[in-house]
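Residue numbers (my numbering): 0 to 627. To start, the structure itself, in structure tokens.
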């Protein structure tokens, strides 16, 4: 898509597909417990007791009496060729509704920033030093074939994900052992103490059926968890795969005898009888499909579409509703990534020059209808974002790594350049020219070259023709600096493969951040991730100061220290000019045909929370018209 934003919070979205296991895990937190006690708990929160007590009937933000029934049709851009979540991100393109059929050990509440409650696990426990985490499975938990969810399933899931997914291998690197310690109990042992997020990470483990994956398919072929497959998978969640047409659509039906329908964390949710995904290769065609009532709900990521794309009769008649929901749970950095594995981007002055040349204000005015802000932090939208000069606890943390971080973090707050007039544009291009010359890139015969006569050339990698209307003005600015710039548009598969292999000059990166950052920062910015293909460290950051600050975030003892360490990390990342910030919005823009209702009070951290807590409204549907 042209304008990438933080994905809508949808509790059962497939974690691997979004390549963001860290985001879901980081949104949860646990209260320290005395090592000698380590009682079993139904839920836990970061700083105090969880909001919901033992035995709570349901989350406050749901309608416990929501009717069950109806159909919702959702649009998807691209295609799919696999139902195997284990190798998602490595092989094939997984169908994006697969998260509906699986469950995790714990789940989050959408009205708490940092809390978790048992889902497959009825309770969990861990010692004060966070050296292990134990989970006790619910006795009633069942796979769709009627067999119980077992401790062996949990261990199998952990092992196959860690073995076959580079992302999970990195994320579970500190887990040294997974063992069955009771009939329904599993314990994970860690190789370090004090890492408060390791229990959370294991709570978000997606559990897969061992007996199914080690069994034989109807055609007599032995299943292989390391390969893509189009055999409908077995799950334990509220939905099962009903039917599909490879690459075109997939439908999931509500499991009428779902084992977890009445447990408190599920009451008032999973209300639709069928959820269908329709795939389109072109974003414009996808929008037209919605307008022609072939889709029911969409998140609108295009400012232009939001401003002028819904001027059609159904909206004026009230049959189509446009509504914005605030993002409060996550911050975000969306940016052009400068691949420092290329020698031309290793100099910070060169990277800053690319930021100076980006005409955000012009784009926001002429293309984005003034609907966007430019992120000035890797934690934009959260109280974790740095600003001004460091002070207090943050300053103390930075002083402890003074020899490893840029001196400017102590004296100069980060600011994005502003290109809002011909004068500021000229001034910023002059400054960019000065920095490039300092870095050894002179202009000769209209081209920017180094002492060896090598031309400074860059390729802006795009995954959609729609992005060209943004990339081309940026190319014009870079051309004015003598930088030989091309825009290359490839399909989704090529784009994914090239970014996985770090085969690009400049691409777009998106890093959602939770209210409780931790281990995922190693995946985003850590030195080890820089050398591992498929990691989220797209820039190739391998910096001892950044590594040191990541560890301070992970091992923070309280909220005050966490905020201070995160601001310090943010400040250092910004000072290095690793990326050129693009644009973002702190609102989720949605459009829907008026057939659905949601609770009167929406969860603070849930965004639209569609379709998780919504339901099909017969009265509205009768007025709007359309099949169930």
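Every residue gets a Cβ at the ideal spot worked out from N, C-alpha and C, and that includes glycine.
Q: Identify the continuous alpha helix (DSSP H) that holds residue 553 and give its terminal residues.
A: Taking the first residue of the chain shown as 1, we reach residue 553 at position 554. Here the alpha helix (DSSP H) through residue 553 covers 543-553.
Q. Since residue 75 and residue 278 are thought to touch, with beta carbons under 8 Å apart, how far apart are those beta carbons, to the nearest angstrom?
A. Numbered from its first residue, the chain shown carries residue 75 at position 76. Numbered from its first residue, the chain shown carries residue 278 at position 279. Indeed they touch by this definition, with Cβ atoms about 5 Å apart.
Q | Assigned exposure category for residue 411 - 16 Cβ within 10 Å defines buried | A | For the purposes of this step, residue 411 is identified with residue 412 of the chain shown, where counting begins at 1. Exposed, because fewer than 16 other Cβ atoms sit within 10 Å of the Cβ of residue 411.
Q. Quick one: is residue 613 buried, meaning 16 or more other Cβ sit within 10 Å of its Cβ, or exposed?
A. For the purposes of this step, residue 613 is identified with residue 614 of the chain shown, where counting begins at 1. Residue 613 comes out buried.
Q | Complete runs of the alpha helix (DSSP H) confined to the stretch 425-506 [at least 4 residues] | A | 467-479, 491-499
Q: Let me know if residue 508 comes out buried or exposed under the rule of 16 or more other beta-carbons within 10 Å of its beta-carbon.
A: Looking up residue 508 in the chain shown gives position 509. By the neighbour-count rule (16 or more Cβ atoms within 10 Å), residue 508 is buried.
Q. Would the beta-carbon of residue 197 fall within 9 Å of that of residue 515?
A. The residue you call residue 197 lines up with position 198 of the chain shown. The residue you call residue 515 lines up with position 516 of the chain shown. Taking 9 Å as the cut-off, the beta carbon of residue 197 is found no closer than this to the beta carbon of residue 515.
Q | Distance between residue 211 and residue 367 (C-alpha atoms, nearest Å) | A | Numbered from 1 along the chain shown, position 368 holds the residue referred to as residue 367. Numbered from 1 along the chain shown, position 212 holds the residue referred to as residue 211. Taking the straight line from one Cα to the other gives about 49 Å.
Q. What residue from 191, 157, 176, 225 has the CA that sits closest to residue 205's CA?
A. Here residue 205 corresponds to residue number 206 of the chain shown, with the count starting at 1. Cα-wise, what sits closest to residue 205 is 157.
Q. Between which two residues does the alpha helix (DSSP H) harbouring residue 201 extend?
A. For the purposes of this step, residue 201 is identified with residue 202 of the chain shown, where counting begins at 1. That run of the alpha helix (DSSP H) goes 197-202.
Q. What are the partner residues of residue 116, as DSSP defines its beta bridges?
A. In the chain shown, residue 116 corresponds to position 117, counting from 1. Its beta-bridge partners are 42, 106.
Q: Name the two residues that bound the continuous alpha helix (DSSP H) containing residue 212.
A: Taking the first residue of the chain shown as 1, we reach residue 212 at position 213. Here the alpha helix (DSSP H) through residue 212 covers 209-212.
Q) For residue 417, does the count of other Cβ atoms within 10 angstroms reach 16, so buried, or fall short, so exposed? A) Walking along the chain shown from the start, residue 417 turns up at place 418. Label assigned to residue 417: exposed.
Q: Mark residue 40 as exposed unless 16 or more other C-beta atoms lie within 10 angstroms of its C-beta, in which case mark it buried.
A: As a working mapping, residue 40 is identified with position 41 in the chain shown. Its Cβ being crowded by 16 or more others within 10 Å, residue 40 is buried.
**Q.** Ranges of the alpha helix (DSSP H) found wholly within the stretch 259-304, counting only runs of at least 4
**A.** 282-290
Q: Indicate whether residue 68 and residue 271 have their beta-carbon atoms separated by less than 9 Å.
A: By one-based count along the chain shown, residue 68 stands at place 69. By one-based count along the chain shown, residue 271 stands at place 272. Yes.
Q) Is it right to say residue 575 is buried, meaning 16 or more other beta carbons lie within 10 angstroms of its own, or is it exposed? A) Counted from its first residue, the chain shown places residue 575 at position 576. When all chains shown are included, residue 575 counts as buried.
Q. If you draw a straight line from the C-alpha of residue 468 to the C-alpha of residue 475, how long is it?
A. The sequence position of residue 468 within the chain shown is 469, counting from 1. The sequence position of residue 475 within the chain shown is 476, counting from 1. Cα to Cα, the separation comes out at about 11 Å.
(Q) Taking its Cβ as the centre, do 16 or more other Cβ atoms sit within 10 Å of residue 117, making it buried, or is it exposed? (A) Translated into the one-based positions of the chain shown, residue 117 becomes position 118. So residue 117 ends up on the buried side.
Q: Rounded to whole angstroms, what's the CA-CA distance from residue 345 to residue 568? Just pull it up for me.
A: Numbered from its first residue, the chain shown carries residue 345 at position 346. Numbered from its first residue, the chain shown carries residue 568 at position 569. The alpha-carbon atoms of residue 345 and residue 568 are separated by roughly 20 Å.
Q) For the stretch 103-113 against the stretch 603-611, are there 3 or more C-beta pairs whose distance is under 8 Å? A) yes
Q) With a Cβ-Cβ cutoff of 9 Å, do residue 263 and residue 51 count as a contact? A) Here residue 263 corresponds to residue number 264 of the chain shown, with the count starting at 1. Here residue 51 corresponds to residue number 52 of the chain shown, with the count starting at 1. Yes, the Cβ-Cβ distance between residue 263 and residue 51 is below 9 Å.
Q. Between the beta-carbon of residue 506 and the beta-carbon of residue 300, is there less than 9 Å?
A. Your numbering for residue 506 matches position 507 in the chain shown. Your numbering for residue 300 matches position 301 in the chain shown. Between residue 506 and residue 300, the CB-CB gap reaches or exceeds 9 Å.
Q: Indicate the three-state DSSP secondary structure (helix, strand or coil) for residue 592 in the structure shown.
A: As a working note, residue 592 is residue 593 in the chain shown. It is a strand residue.
(Q) Could you compute how far the alpha carbon of residue 621 sits from the alpha carbon of residue 336? (A) Within the chain shown, numbered from 1, the residue matching residue 621 stands at position 622. Within the chain shown, numbered from 1, the residue matching residue 336 stands at position 337. Each residue's alpha carbon lies about 48 Å from the other.
(Q) When you compare the CB positions of residue 123 and residue 236, do they come within less than 9 Å of one another, or not? (A) As a working note, residue 123 is residue 124 in the chain shown. As a working note, residue 236 is residue 237 in the chain shown. Their beta carbons are not under 9 Å apart, which means residue 123 does not touch residue 236 by this criterion.
Q. Between residue 397 and residue 379, is the Cβ-Cβ spacing less than 9 Å?
A. By 1-based counting over the chain shown, the position of residue 397 is 398. By 1-based counting over the chain shown, the position of residue 379 is 380. For residue 397 and residue 379, no; Cβs fall outside 9 Å.
Q | Extent of the continuous alpha helix (DSSP H) run through residue 391 | A | Translated into positions along the chain shown, residue 391 becomes position 392. Per DSSP, residue 391 belongs to the alpha helix (DSSP H) from 391-398.
Q: Would you tell me roughly how many angstroms separate the C-alpha atoms of residue 497 and residue 503, rounded to the nearest one?
A: Here residue 497 refers to the residue found at position 498 when the chain shown is read from its first residue. Here residue 503 refers to the residue found at position 504 when the chain shown is read from its first residue. Distance between the alpha carbons of residue 497 and residue 503 is about 7 Å.
Q: Would you decide whether residue 83 is buried or exposed? Buried here means 16 or more other CB atoms lie within 10 Å of its CB.
A: The sequence position of residue 83 within the chain shown is 84, counting from 1. Residue 83 should be labelled buried.
Q: For residue 25, count neighbouring Cβ atoms within 10 angstroms of its own Cβ and tell me buried if that reaches 16, exposed if not.
A: For this step, residue 25 is matched to residue 26 along the chain shown. Low confidence applies to residue 25: its pLDDT is 34, below 50, so where it sits in the model is not reliable, and the reading given next is rough at best. By the 10 Å Cβ count, residue 25 comes out buried.
Q) At a cut of 8 Å, does the stretch 139-148 reach the stretch 158-170 through at least three beta carbon pairs? A) no
Q) Beta-carbon separation of residue 387 and residue 512 under 9 Å? A) Along the chain shown, one-based indexing puts residue 387 at 388. Along the chain shown, one-based indexing puts residue 512 at 513. Cβ atoms of residue 387 and residue 512: not closer than 9 Å.
Q | residue 163: first and last residue of the uninterrupted beta strand (DSSP E) it sits in | A | Numbered from 1 along the chain shown, position 164 holds the residue referred to as residue 163. Counting along the chain, residue 163 falls outside any beta strand (DSSP E), though it belongs to the alpha helix (DSSP H) covering 150-163.
Q: Evaluate residue 597 with the Cβ neighbour count: other Cβ atoms within 10 Å of its Cβ, from every protein chain shown; 16 or more gives buried, anything less gives exposed.
A: Walking along the chain shown from the start, residue 597 turns up at place 598. Of the other Cβ atoms in all chains shown, 16 or more fall within 10 Å of the Cβ of residue 597; this residue is therefore buried.
Q: Measure from the alpha carbon of residue 455 to the alpha carbon of each residue in 489, 295, 446, then state which is nearest.
A: As a first step, residue 455 is located in the chain shown; it is residue number 456 there, counting from the start. Among 489, 295, 446, the Cα nearest to that of residue 455 belongs to 446.
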